[in-house]
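Below is one structure, written out as structure tokens; the observations come after it.
In the UniProt record's numbering, the protein residues as written are 1 to 478.
Laid out in structure tokens, this is it:
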């Protein structure tokens with residue numbers, strides 16, 4: 001038999017694998033003034049002129065608050081068995097303090113009930129960047145009190161939903177909250193203070209630890225608690241010692257600053273040294289690291305593209321985009337001697353290089369970093385231009401190819417011994433893409449923003465076949 005005619009072994013995932021999509025509250029819910037909800041930092045930021053593309057806001061978003069039953073039906077029709085979503089803190093606890101607003105919790109009770117009735121496993125993220133504005137006015141994440149308030153909020157939500165929801169995530173991408181929100185200012189609340197960004201990182205870590213304690217105090221022991229980190233795959237342009245030192249600095253600031261205390265109970269010594277000109281870390285109080293270092297049941301990994309660095313060595317720097325939006329301010333405190341470079345290869349509409357090997361590398365790193373800890377891919381996906389034909393069907397072959405290559409990388413990691421138990425595609429629907437507004441589409445369901453009509457894209461049908469069978473479909477010919 002000719003080699004070209006050899007049968008291809010199907011790429012098959014475990015039968016217990018979770019196949020889901022992910023969203024976040026501010027990006028999809030809308031209804032920002034209903035049910036007692038008060039402004040979050042993203043409401044304030046998006047209504048500030050010049051902060052988002054075309055002045056876009058999440059006021060309506062894709063109106064999931066009113067259309068959640070239809071959206072759950074879409075997931076069920078696709079054959080998905082899991083859905084990761086976030087709770088809007090200011091919908092549940094409008095000032096970030098005090099008792100819950102029950103009408104806010106009722107929305108999430110209805111959503112969870114609808115998911116369960118359709119056989120879809122809910123996975124809750126407690127914090128996906130929508131800090132109540134009143135807490136920011138009191139100092140925000142750079143202040144210790146915000147971590148204490150988060151623990152109270154976590155307990156409220158855990159008491160309300162912990163009997164029916166088994167999968168919990170404390171924080172989504174705390175790196176973005178700390179360093180894009182308080183360092184480069186391209187995310188809410190838009191502050192540009194290196195010291196504030198490091199203080200915010202620590203208090204997000206503390207919120208994570210205190211939040212776990214609060215959840216465990218009110219939920220069944222069977223429930224799984226995780227955190228979702230957008231850990232960077234950091235590469236160097238050469239093996240020159242100066243370039244390797246630059247990579248270590250960025251690895252500490254992107255990864256070690258969170259997984260150090262969360263997984264190992266300490267900040268990396270190299271991180272403390274690199275940032276010593278900014279702070280002596282005296283805001284880390286006795287017992288903080290013990291509080292942060294709570295046992296985890298799983299770890300969520302968000303991955304989009306690798307990071308390529310070198311020592312600056314006179315490299316002329318333009319706006320500090322670093323893959324996260326242009327700013328004259330750096331999101332990397334203490335790393336002014338590091339230069340960032342565009343990684344080679346095909347790029348998505350975000351300008352991010354398509355590099356599935358990076359996802360395999362990330363999974364295997366945390367297989368070594370946290371042996372025995374189950375892993376979930378809690379975000380992975382791509383923005384591309386969609387093509388709608390005359391019949392109203394939406395085609396996105398680039399996204400299918402992207403998903404196929406990255407899911408192949410996940411399967412390869414499982415074959416290499418990684419305990420990966422689920423994959424949450426970003427995102428279910430096109431939505432408000434933060435400072436990019438509505439210009440970047442990540443969904444496998446197309447949204448007509450004029451009518452809010454939902455149309456499943458070709459990638460959604462492709463992903464649905466995978467979810468129903470556990471077998472990776474081939475990439476259709478163009």
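Note that CB positions come from ideal geometry on N, CA and C, so glycine has one too.
Nearest-angstrom Cβ-Cβ length linking residue i and residue j, presumed shorter than 8 Å
| i | j | result |
| --- | --- | --- |
| residue 151 | residue 224 | That belief does not hold up - the Cβ atoms of residue 151 and residue 224 are roughly 19 Å apart, past 8 Å. |
| residue 251 | residue 227 | Actually they do not touch by this definition, with Cβ atoms about 18 Å apart. |
| residue 181 | residue 189 | 6 Å |
| residue 401 | residue 475 | 5 Å |
Buried or exposed (CB count within 10 angstroms, at least 16 for buried), residue i
| i | result |
| --- | --- |
| residue 353 | buried |
| residue 319 | Since pLDDT at residue 319 reaches only 46, below the 50 mark, its modelled position is unreliable, and no value is offered. |
| residue 8 | exposed |
| residue 341 | exposed |
| residue 444 | buried |
| residue 178 | buried |
| residue 106 | exposed |
| residue 29 | buried |
| residue 358 | buried |
| residue 255 | buried |
| residue 392 | exposed |
| residue 430 | buried |
| residue 171 | buried |
Assigned secondary structure, residue i (DSSP; H/G/I helix, E/B strand, else coil)
| i | result |
| --- | --- |
| residue 100 | coil |
| residue 379 | strand |
| residue 316 | Reliability fails at residue 316, whose pLDDT of 47 lies under 50, so the model's placement of it is uncertain and no value is given. |
| residue 127 | strand |
| residue 156 | helix |
| residue 310 | strand |
| residue 418 | coil |
| residue 14 | coil |
| residue 270 | helix |
| residue 343 | coil |
| residue 303 | coil |
| residue 429 | strand |
| residue 241 | helix |
| residue 261 | helix |
| residue 37 | coil |
| residue 408 | helix |
Spatial neighbours of residue i in its chain, beta-carbon cut-off 6 Å, leaving aside the 5 residues before and after
| i | result |
| --- | --- |
| residue 398 | 384 |
| residue 308 | 235, 341, 343 |
| residue 56 | 437, 438 |
| residue 346 | 354 |
For residue i: DSSP bridge partner residues
| i | result |
| --- | --- |
| residue 395 | 387 |
| residue 193 | Looking at the DSSP assignment, residue 193 forms no beta bridge with any residue, so it has no partner. |
| residue 448 | 453 |
| residue 168 | 124, 225 |
| residue 83 | 21, 122 |
| residue 424 | 20 |
Contacts around residue i, its chain only, beta-carbon distance under 7 Å, and the 5 residues preceding and following it disregarded
| i | result |
| --- | --- |
| residue 350 | 383, 440 |
| residue 108 | 87, 161 |
| residue 413 | 360, 363, 364, 420 |
| residue 449 | 438 |
Same chain, Cβ closer than 8 Å to residue i, five either side skipped, listed in chain order
| i | result |
| --- | --- |
| residue 139 | 145, 146 |
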